[in-house]
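Per my numbering: the sequence shown = residues 1267 to 1419.
The next block holds one structure in the form of structure tokens; read it before the comments.
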Amino acid sequence: MAYWLLKTEPENYSYFDLEREGSTVWDGVNNSLALKHLRTMLLGDGHFAQRGEPPHASVLDLALIYHTGKERQVIGLAEIVSQPYIDPALNDSKRAVVDVRALRRVHQPVTLAQIKQDGKFTDFDLLRLPRLSVVPVGEVYWQPLIELTNGTN
């Protein structure tokens, strides 16, 4: 399983839109590094689930949904429910998309200011590469972020 942070402009498409729809095609990614990250997302990665699921259940990649703009905060949790594929709306084989499904809103949104103030996140790509819209989240950052949201993973 891998962890991600997916940025979205809430005026265009918010986590609440994703909740209402249930799932969506995560499109609009233009940056080459963000597209590279998106292409590495997996629908299950061969690991076996450990929390009561059947022994052959695959584990989906998870993503924190981050509202950009004036909000600048982690607002929800989603799962990647498809392999990356070419964006069907475009005639460009370089543009990939994945399908994501809403899991839940976080109990406590985590602001960019909180992340910047916490010394654990100094080398986190969200801070190092602020314009990146698809950010890998290593375990070293995932667990503290989940703790900040007062959720469970």
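For each residue, glycine too, the CB sits at the ideal point set by N, CA and C.
Could you please give the first and the last residue of the uninterrupted beta strand (DSSP E) stretch that includes residue i?
i     : result
A1235 : No answer is possible for residue 1235: the residues shown for the chain start at 1267 and end at 1419.
D1325 : The sequence given here places Val at residue 1325; Asp does not occur at that position. Counting along the chain, V1325 falls outside any beta strand (DSSP E), and DSSP gives it neither H nor E.
Y1269 : Y1269 to T1274
L1343 : Q1339 to I1346
P1402 : V1400 to P1402
V1295 : Looking at the DSSP string, V1295 is not in any beta strand (DSSP E), and its letter there is neither H nor E.
Closest to residue i by CA distance: which of the options is it?
i     : options                       : result
L1328 : G1335, Q1349 and P1354        : Q1349
F1387 : V1376, Y1407 and A1355        : Y1407
A1344 : I1352, Y1332 and A1355        : Y1332
E1285 : G1342, D1353 and R1338        : G1342
E1275 : T1415, I1412, W1292 and K1360 : W1292
I1412 : E1277, S1359 and I1381        : I1381
G1294 : E1277, L1308, N1357 and R1361 : R1361
L1308 : E1287, Y1351, E1277 and K1336 : Y1351
In terms of residues, what are the limits of the alpha helix (DSSP H) holding residue i?
i     : result
G1298 : As written in the sequence, residue 1298 is Ser, which differs from the Gly given in the question. First-last of the alpha helix (DSSP H) with S1298: S1298 to R1305.
L1392 : D1391 to R1394
Y1407 : E1405 to L1414
Y1281 : Y1281 to E1287
Assuming residue i and residue j make a contact with CB atoms under 8 Å, what is their CB distance in whole Å?
i     : j     : result
V1347 : V1372 : That pair is no contact at about 19 Å.
L1271 : L1326 : With a Cβ gap of about 16 Å, L1271 and L1326 do not count as contacting.
R1338 : L1378 : 4 Å
D1353 : V1363 : 5 Å
T1415 : V1376 : 6 Å
Leaving out five residues before and five after residue i in sequence, what residues of the same chain have Cβ atoms less than 7 Å from its Cβ?
i     : result
L1398 : N1297, L1299, A1300 and D1391
Excluding the 5 residues flanking residue i on each side, which residues of the same chain have their C-beta closer than 6 Å to its C-beta?
i     : result
Y1269 : L1328, V1403 and W1408
Give me, in chain order, the residues of the same chain whose beta-carbon lies closer than 8 Å to that of residue i; leave out the 5 immediate sequence neighbours on both sides.
i     : result
S1289 : V1347, D1365, V1366, R1367 and A1368
- Query: Does the region 1278–1297 come within contact of the region 1362–1377, defined as at least 3 CB pairs closer than 8 Å?
  - Reply: Three or more beta-carbon pairs drawn from the region 1278–1297 and the region 1362–1377 are found closer than 8 Å, and the two stretches are therefore classed as touching.
- Taking three-plus beta-carbon pairs below 8 Å as touching, is the region 1299–1306 in contact with the region 1396–1412? Put simply, the region 1299–1306 touches the region 1396–1412. At least three CB pairs are less than 8 Å apart.
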